[in-house]
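What follows is a short report on a single structure.
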Amino acid sequence: MNFKRSKVLYEEALKFLPAGVNSPVRAFRQVGGTPIYFLKGEGCYLIDEDQHRFLDFCNSWGPLITGHRHPEIIRALEKQLNYSLTLGTPHYLEIELAKKVIEPIQKEIPTIQKIRFVSSGTEAVMSAIRLARGYTGKNKIIKFEGCYHGHLDSLLVKAGSGLATFGQPSSLGIPKSFSEQTIVLPLDSEESVEEAFKKYKGDIACVIIEPVPANNGLLIQRKEFLKFLRTITLENESLLIFDEVISGFRVQYSGASGYYQIHPDLVTYGKILGGGLPVGAFAGKKEIFSMISPDGPVYQAGTLSGNPLAMAAGLAQLNLLNESIYKDLEDKGQYLESNLKKIFEEKLPEFSIVRLASIFWIYINSKKEPIRRADQIHSDSMSIYAKFFHHCLNRGIYLAPSGYEVGFLSTPMTYQDLNVFLEVVNEFKI
Ligand SMILES: Cc1ncc(COP(=O)(O)O)c(C=O)c1O
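Those letters in the sequence shown? Residues -17 to 412, per the working numbering, in order.
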């Protein structure tokens, strides 16, 4: 493939945008080469500036469960354009979207009682953490190595030396005094969580976890571990926050909370909730939400929060989701998984696939045991992923440009599309 126009655009972008992009992983640094500039999305395809068409497994990092520009979402946006771009006032669609989230999910997860909309996943997590601290009157938060919760200061933190010690900033620009309030623990370890609760007794505001960690590979947790987090937070009067920015409406409508039947105090949403527009939200118990401004003393606000176009897109998106869509995605997921496994066994023994619902991760690790912790990922295998990525790219398959990122299925993908991908994988040689 000749990426002539992408290369020209990249040179132009470098003059104005750092690394030519607005979010780091888009710069292709993990896989080498220069980023591709895309013109449009159509169903499950992406079309670049050089008019190449790619089957899109990146799906804008998760939101596009029904593919690009679903006609129902476009229709809802066109309708809303006749009314407003932004109002900065309360409006009807905010109530409709809130109902669409809360009513069905509450039947399964009774702790989902109130919701506030924001404009990104990062903002949702930042607000939920502040609310947890304000509600409990405690300072410290526990997060897990290998989970990503957006780029807020208090969560861009990596483990310190030794278990249950203060975290270290994982980016410059974050004061140590911030990261010292964050305790970073390994996933899949009840003992570490127990130790942290013992060590910082009475000062842990919340435990935050991606219940389906999908930002550092796909590190599917044991249900017992997630249930243990529910128990220990209740015992210590700390809150449990499930970050469902990826898993919400993806694993099933009620997300991982519904899948595992665990009732967190707060849940954060994003991605699918906005139907392709910038939306995040945090939701949870009424009693906790009584603390948020203007009802309570925990301040939180946003000029574009509840933006009418974003609410219209989100509502149209959620209206499209039903049992048969999740069943279809599960069937296609099973088909992809079992056929990839066959190819890997026969031809690429170093390769593995792990999948939950329509989220999958292809990784390189000849040991076949399940990977549940970030430190089990081999960073030296990433050069093989880079080769695999470019092999696929040059044959019209767009995977995430990093071996740490997962892939997503979308409803417009057909079995024929999946077969094209399988054929491309089948041709790959390390
Ligand atoms: C689980 C999780 N939480 C939070 C975020 C941050 O969301 P955003 O990029 O919309 O700020 C992400 C983004 O990938 C995410 O995957």
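Virtual Cβ for every residue (Gly too), placed ideally from N, Cα, C.
{"Item": "Quick one: is the Cβ of residue 102 within less than 8 Å of any heavy atom of ligand 1?", "Value": "yes"}
{"Item": "Roughly how many whole angstroms lie between the Cα atoms of residue 277 and residue 57?", "Value": "36 Å"}
{"Item": "If you pair each beta-carbon of the segment 255 to 265 with each one of the segment 234 to 244, do three or more pairs fall below 8 Å?", "Value": "no"}
{"Item": "Tell me where the alpha helix (DSSP H) around residue 374 begins and ends.", "Value": "364 to 375"}
{"Item": "Using 8 Å as the Cβ pair cut-off and three pairs as the minimum, do the segment 152 to 159 and the segment 109 to 121 touch?", "Value": "no"}
{"Item": "Within 10 angstroms of the Cβ of residue 258, are there 16 or more other Cβ atoms? Answer buried if so, exposed if not.", "Value": "buried"}
{"Item": "State the beta-bridge partners of residue 251 as determined by DSSP.", "Value": "263"}
{"Item": "For the beta strand (DSSP E) holding residue 334, just list the boundary residues, first then last.", "Value": "333 to 338"}
{"Item": "Tell me whether residue 258 counts as near ligand 3, meaning its Cβ is closer than 8 Å to at least one heavy atom of that ligand.", "Value": "This structure simply doesn't include ligand 3; it includes ligand 1 instead."}
{"Item": "In or out: residue 370 buried (at least 16 other Cβ within 10 Å) or exposed?", "Value": "buried"}
{"Item": "Roughly how many angstroms separate the alpha carbons of residue 295 and residue 227, rounded to a whole number?", "Value": "17 Å"}
{"Item": "Tell me, please, which residues DSSP counts as bridged to residue 28.", "Value": "23, 36"}
{"Item": "State buried or exposed for residue 383, treating a residue as buried only when at least 16 other CB atoms are found within 10 Å of its CB.", "Value": "buried"}
{"Item": "Give a single yes or no on whether residue 225 has its beta carbon closer than 8 Å to a heavy atom of ligand 1.", "Value": "yes"}
{"Item": "Please determine, among -11, 372, 256, the residue with the shortest C-alpha to C-alpha distance to residue 44.", "Value": "256"}
{"Item": "State yes or no: is the C-beta of residue -6 nearer than 8 Å to some heavy atom of ligand 1?", "Value": "no"}
{"Item": "Give me the residue from 88, 103, -4 with the minimum Cα distance to residue 96.", "Value": "88"}
{"Item": "Output needed for residue 75: all residues of its chain with C-beta closer than 7 Å, excluding positions within five of it in sequence on either side, in chain order.", "Value": "290, 293, 294, 297"}
{"Item": "Could you compute how far the alpha carbon of residue 92 sits from the alpha carbon of residue 222?", "Value": "14 Å"}
{"Item": "Assuming residue 331 contacts residue 320 under a Cβ cut-off of 8 Å, what Cβ separation, rounded to an integer in Å, is found between them?", "Value": "17 Å between Cβ atoms; not a contact."}
{"Item": "Would you list the one or two residues that DSSP bridges to residue 222?", "Value": "189"}
{"Item": "Since residue 286 contacts residue 101 with CB under 8 Å, what's their CB separation in whole angstroms?", "Value": "5 Å"}
{"Item": "For residue 63 and residue 254, what's the separation of their Cα atoms in angstroms?", "Value": "21 Å"}
{"Item": "Between which two residues does the alpha helix (DSSP H) containing residue 407 stretch?", "Value": "397 to 408"}
{"Item": "Along the chain, which unbroken stretches of the alpha helix (DSSP H) at least 4 residues long are found entirely within the segment 169 to 215?", "Value": "172 to 181"}
{"Item": "Whose C-alpha, out of 111, 381, 409, 129, is nearest the C-alpha of residue 357?", "Value": "129"}
{"Item": "Within 10 Å of its beta-carbon, does residue 65 have 16 or more other beta-carbons around it, so buried, or fewer, so exposed?", "Value": "exposed"}
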